[in-house]
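Sequences listed follow chains E and X, in order.
According to our numbering, the stretch in the first sequence is residues 1 to 110, in order.
According to our numbering, the stretch in the second sequence is residues 1001 to 1110, in order.
Cβ coordinates follow ideal geometry from the N, Cα and C atoms, glycine included.
The structure displayed is predicted, hence computed values, not measured ones.
2 protein chains.
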Amino acid sequence: MVKPVLPGHPARGSKSGRPIMLLLDLLGRRWVLRLVWELREGPKRFRELQMAIGASPTIINERLAELRAAKLVELDTASGYRLTALGTELLHLFLPLHAWSEKWAKRLSA
Amino acid sequence: MVKPVLPGHPARGSKSGRPIMLLLDLLGRRWVLRLVWELREGPKRFRELQMAIGASPTIINERLAELRAAKLVELDTASGYRLTALGTELLHLFLPLHAWSEKWAKRLSA
DNA sequence: GCGGTTGCTACAATTTCCGTAGCAACATCG
DNA sequence: CGATGTTGCTACGGAAATTGTAGCAACCGC
């Protein structure tokens, strides 16, 4: 069991509970960025996420629980897992990465 | 030894070599986001990074090697590790996270 | 020479993650 | 009613990643 990311709990590698450290801790955990990314176009089921990402259900579930505790993702029984309002805000901050990654890849292969 | 993030090498959990997947893979590895963040205000020495982050030198070195292979970080023997031009671009995409994380933390504690 | 800093490595112990199998709850269809 | 399918999720043994500690070789100033 991994420590939850919540106010008062210091992030791994940081004695302070500064929000940016908590956020970097959460987003730096394996598959978390991918999970948020996979939900960018709407809700997905547990197994859909599992298939799309290719990770074990154990860790998918653990990461989803962390994202739910962080109020970035929620489970709607009718449609599946989806981003909350907060999660959608976060996703929008990440969208520029898509275009930038193309530029970056060209520089790498050059 | 972890697979390097380079064109042609598919990212973990993705059969395609799409740049965004490579990038999310790289950034999702433990301590990578923290490392980029710690270099935001200028170069730092290996041991400075180690102290600031609190991770083992083994993994600090491995992640720095990956970031160097990705041309996001470089080592200047006179001043230490620093962001490349590409790395600085990436950092700028992440800077809005700082302000947003404060808002997020308030929502969590509410 | 001597002490300090540099980046970095070795290696055993611990933690995390994977891969597979499967469960309980619920819905749907006959 | 039973049978079948889908849902989210868990157990558990093996594999992989990470930690913590110690220390090395190269370099610089004195």
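Determine, for residue i, whether the minimum Cβ-Cβ distance to residues of chain E falls below 7 Å.
i, result
"X/Pro1096", "yes"
"X/Arg1034", "yes"
"X/Leu1091", "no"
"X/Pro1019", "yes"
Would you list the one or two residues that DSSP bridges to residue i?
i, result
"E/Asp76", "E/Gly80"
Taking only three categories from DSSP, how would you classify residue i?
i, result
"X/Lys1044", "strand"
"X/Ala1110", "coil"
"X/Ser1056", "coil"
"X/Leu1095", "coil"
"E/Gly28", "coil"
"E/Gly87", "helix"
"X/Arg1063", "helix"
"X/Leu1049", "helix"
"E/Lys103", "helix"
"E/Ala70", "coil"
"E/Leu35", "helix"
Within 7 Å of any Cβ in chain X, is that where the Cβ of residue i sits?
i, result
"E/Ala102", "Before going on, a small fix: residue 102 of chain E reads as Glu here, not Ala. E/Glu102 counts as touching chain X."
"E/Leu24", "yes"
"E/Gly28", "yes"
"E/Ala105", "yes"
"E/Pro7", "With a pLDDT of only 45 at E/Pro7, under 50, the local geometry of the prediction cannot be trusted, and no value is derived from it."
Going by C-alpha to C-alpha distance, which of the options sits closest to residue i?
i, options, result
"E/Leu33", "E/Gly80, E/Ala78, E/Glu48, E/Ile60", "E/Ile60"
"X/Glu1048", "X/Pro1019, X/Tyr1081, X/Arg1030, X/Ala1110", "X/Tyr1081"
"E/Glu38", "E/Arg107, E/Gly87, E/Trp104", "E/Gly87"
"X/Leu1097", "E/Leu67, E/Glu41, E/His92, E/Phe46", "E/His92"
"X/Lys1071", "E/Glu89, E/Arg107, E/Leu27", "E/Arg107"
"E/Leu27", "E/Ser101, E/Ala110, E/Leu90, E/Trp100", "E/Leu90"
"X/Arg1045", "X/Thr1058, X/Leu1075, X/Arg1068", "X/Leu1075"
"E/Val36", "E/Pro19, E/Leu95, E/Gly17, E/Ala99", "E/Leu95"
"X/Ala1085", "X/Lys1103, X/Asp1025, X/Gly1042, X/Gly1017", "X/Gly1042"
"E/Leu67", "E/Gly17, E/Arg18, E/Leu22", "E/Leu22"
"E/Gly54", "E/Val73, E/Trp31, E/Ala65, E/Arg40", "E/Trp31"
"X/Asp1025", "X/Val1073, X/Ala1078, X/Pro1057, X/Arg1063", "X/Arg1063"
Under the criterion of a Cβ to heavy atom distance below 6 Å, does residue i qualify as lining the ligand SAH?
i, result
"E/Val73", "The model depicted lacks the ligand SAH and carries no ligand whatsoever."
Residues from the segment 46 to 68 of chain E in contact with chain X, defined by Cβ distance under 7 Å: Ile53, Gly54, Ala55
Chain X contacts from the segment 70 to 84 of chain E (Cβ-Cβ distance under 9 Å): Ala70, Lys71, Leu72
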